[in-house]
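**Q** Here this note's numbering = 1-based position in the sequence shown + 898.
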Amino acid sequence: MTCYKPGKRSRTFYSVREYRGRKGEPKGIGGRDLCDLPVRAHIQLGGPIVLVWDNLRMHLVEAIRRFIADHADWLTVFQLPSHATVLSPQEGIWSLVKRDIGNLAAAGLDQITHAVKRRLKQIQYRPDLVDGCLTNTGLITDDWPASRIQAQAVASSVSRQ
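Right, dumping it as structure tokens:
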């Protein structure tokens, strides 16, 4: 999840899950994980969240819709059109991660997971990289009316499975 709040540094929140093929193990990020990210952003950013999501099937399930309805006082959600990757700053974040680990000769899943987490952590501490990913989408502009954006945070989340 990539977040922007006027006057503050841009932020990235993430959750990495390893799938090892064990019986009953979830293959990717689930509904609870998807609900936890906006809650973490809301707590850390201290304001309302405008969440811009792609049309990942998990974003459209009933449990997520209930979560959105239950938190309507601080959470507003917009769905991106299908295949609108150019509007998702997370695509830029993943591009930065993949560029860094593209030549990694990993001996196992643990090394890949460690490399991904390390790169995501580095990106968290480089708001200029996050700003670049947000700017490339055209969703954030400097000419927004200040009164409209003072108390808002714009967030985008694309889950990778």
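Ideal Cβ placement from N, Cα and C applies to all residues, glycine included.
According to DSSP, is valine 1056 part of a helix, a strand, or is it coil?
**A** With a pLDDT of 43 at valine 1056, under the threshold of 50, the predicted position of this residue should be treated as unreliable, though the coordinate-derived value follows. DSSP places valine 1056 in coil when its eight states are reduced to three.
**Q** Could you tell me how far apart the beta carbons of valine 914 and leucine 949 are, in whole angstroms, since I believe they sit closer than 8 Å?
**A** Going by Cβ atoms, the distance from valine 914 to leucine 949 rounds to 20 Å, so no, they are not a contact pair.
**Q** What is the C-beta distance between isoleucine 962 and methionine 956, in whole angstroms, given that I count them as a contact (C-beta under 8 Å)?
**A** Right, the Cβ-Cβ distance comes to about 7 Å (below 8 Å), so this counts as a contact.
**Q** So, with DSSP's three-state summary, where would you put valine 914?
**A** The answer is coil: DSSP assigns valine 914 none of H, G, I, E or B.
**Q** Does the distance from the CB of valine 1028 to the CB of serine 908 come in under 7 Å?
**A** Against a cut-off of 7 Å, the Cβ pair of serine 908 and valine 1028 comes out as a contact.
**Q** Given this structure, state the Cα-to-Cα distance separating serine 1045 from leucine 943, to the nearest angstrom.
**A** Bear in mind that the predicted position of serine 1045 carries a pLDDT of just 34, short of 50, making it too unreliable to give a figure here.
**Q** Would you decide whether isoleucine 941 is buried or exposed? Buried here means 16 or more other CB atoms lie within 10 Å of its CB.
**A** Exposed, by the Cβ-count rule.
**Q** Under a three-way DSSP split, which group does isoleucine 947 fall into?
**A** Isoleucine 947 falls in the strand class under three-state DSSP.
**Q** When the Cα of serine 993 is compared with those of Gly929, Asp952, His1012, Gly1030, which residue comes out closest?
**A** Checking every option, the nearest Cα to that of serine 993 belongs to Gly1030.
**Q** Taking the DSSP output, what are the residues bridged to phenylalanine 965?
**A** According to DSSP, which records beta bridges pairwise, phenylalanine 965 is partnered with nothing at all.
**Q** Using a threshold of 7 Å, state whether the C-beta atoms of alanine 939 and phenylalanine 911 are closer than that.
**A** Yes, Cβ-Cβ distance for alanine 939 and phenylalanine 911 is below 7 Å.
**Q** Could you tell me the alpha carbon to alpha carbon distance between serine 986 and leucine 1032, rounded to whole angstroms?
**A** Cα-Cα distance, rounded: 8 Å.
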